[in-house]
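Under UniProt numbering, the first residue of the sequence shown is numbered 1, with each subsequent residue one higher. Each residue gets a CB set at the ideal place from its N, CA and C atoms; glycine is no exception. Note that this is a predicted model, so its numbers are computed, not measured. First the structure, in the form of structure tokens, and then the observations on it.
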Amino acid sequence: EVLDEAARVCDVGVTTDEIDRAVHEACIERECYPSPLNYYNFPKSCCTSVNEVICHGIPDMRPLQDGDLCNVDVTVYHRGFHGDLNETFFVGNVAPQHKKLVQVTYESLAKAIEIVKPGERYREIGNVIEKHVRQHGFSVVRSYCGHGIHRLFHTAPNVPHYAKNNAVGVMKAGHCFTIEPMISEGTWRDCQWPDDWTAVTQDGKFSAQFEQTLLVTENGCEILTKRRNATGLPHFTDKM
């Protein structure tokens, strides 16, 4: 519901500060706390990552422009538990190659979710994601992983999104974690701004990301943060 409010205001001319305000107010209205706010001194209630920003972008007064990609990452703390998800939104008229980047990024997440079940190794998630992404000429950012989440915002296990990783552990019923692939149209290498938060692509090319929080069940998994509409698909599909 909170991410739906972000999607509603994300448009040409809107600042990411305004998106952050909408997210914050939506949290308060639902008796939630925005988990990112003051987390290791993060100054805002959500992350807004535009174009070459991979993740952890800090909302500011920059108006969104026609053709931008804007990822909004929302985590809420409600009744003792955190729930973490994000989507990449189209802003105005987006170039075909960037639409493809967003589509492939979402597909890679969906394919990874398909293998989540008791007995599956966590390291297999990265193999599934990178295989799909490389077929389309894109790359997987390696510096940031999915993570365990429940009463703690970030905890074990680490869930890398790239192939041939060294993740340890096997999924068991009751495990709760995120998958959140960050996919770049150019190099997988990243660098960080002096604010010590904002991660950007080293070559300045666009990136996209999607995330869900998953609960491993006896027979597969439940997507705890799935969009509450008829299809459960992310907002960008409404504009394809």
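Ile54 to Gln65, Cα distance in whole Å?
If you take the alpha carbons of Ile54 and Gln65, they lie about 18 Å apart.
Using a threshold of 8 Å, state whether the C-beta atoms of Ser49 and His24 are closer than that.
Cβ distance not < 8 Å, so Ser49 and His24 don't count as in contact.
Whether Ala112 touches Ile129 by CB criterion (8 Å)
In this structure, Ile129 lies closer than 8 Å to Ala112 by Cβ.
Less than 6 Å between C-beta atoms, sequence neighbours within five positions excluded: which residues of the same chain meet that for Arg121?
Closer than 6 Å at Cβ, skipping near neighbours: Val170.
What's the C-alpha gap between residue 260 and Asn86?
Residue coverage of the chain in this structure runs from 1 to 240, which leaves residue 260 outside it and unanswerable.
Quick check on DSSP: helix, strand or coil for Cys27?
DSSP places Cys27 in helix when its eight states are reduced to three.
Could you pull the start and end residues of the beta strand (DSSP E) that Thr75 belongs to?
From DSSP, the beta strand (DSSP E) with Thr75 extends over 69–78.
On the DSSP bridge list, what partners appear for Gln209?
DSSP output for Gln209 lists Met182 as bridge partner(s).
So if DSSP puts Gln192 in a beta bridge, which residue, or which two residues, is it bridged to?
According to the DSSP secondary-structure assignment, Gln192 is paired through a beta bridge with Ala199.
Are the CB atoms of Glu52 and Phe206 within a distance shorter than 8 Å?
Result yes, Cβ atoms of Phe206 and Glu52 sit closer than 8 Å.
Please name the residue, chosen from His175, Pro59, Phe42, Leu37, that lies closest to Ile223 on a Cα-to-Cα basis.
Of the candidates His175, Pro59, Phe42, Leu37, the residue whose Cα lies closest to the Cα of Ile223 is His175.
As assigned by DSSP and simplified to three states, the class of Glu87:
The DSSP-derived three-state label of Glu87 is strand.
State buried or exposed for Ala95, treating a residue as buried only when at least 16 other CB atoms are found within 10 Å of its CB.
Exposed.
For Tyr39, which residues of its own chain have a beta-carbon under 7 Å away from its beta-carbon, when the five flanking residues on both sides are left out?
For Tyr39, where only same-chain residues beyond five positions count, the Cβ hits under 7 Å are Phe153.
Please classify Asp60: is it buried, with 16 or more other beta-carbons within 10 angstroms of its beta-carbon, or exposed?
Exposed: under 16 other Cβ atoms inside 10 Å.
Can you tell me whether Trp193 is buried or exposed, with buried defined as 16 or more other CB within 10 angstroms of its CB?
Per the 10 Å Cβ criterion, exposed.
Kindly indicate which residue of His78, Glu180, Val9 has the alpha-carbon position closest to the one of Ser108.
Answer by Cα proximity: Glu180.
Check whether the Cβ atoms of His147 and Phe177 lie closer than 8 Å to each other.
It is a contact, given that the beta carbons lie within the stated cut-off.
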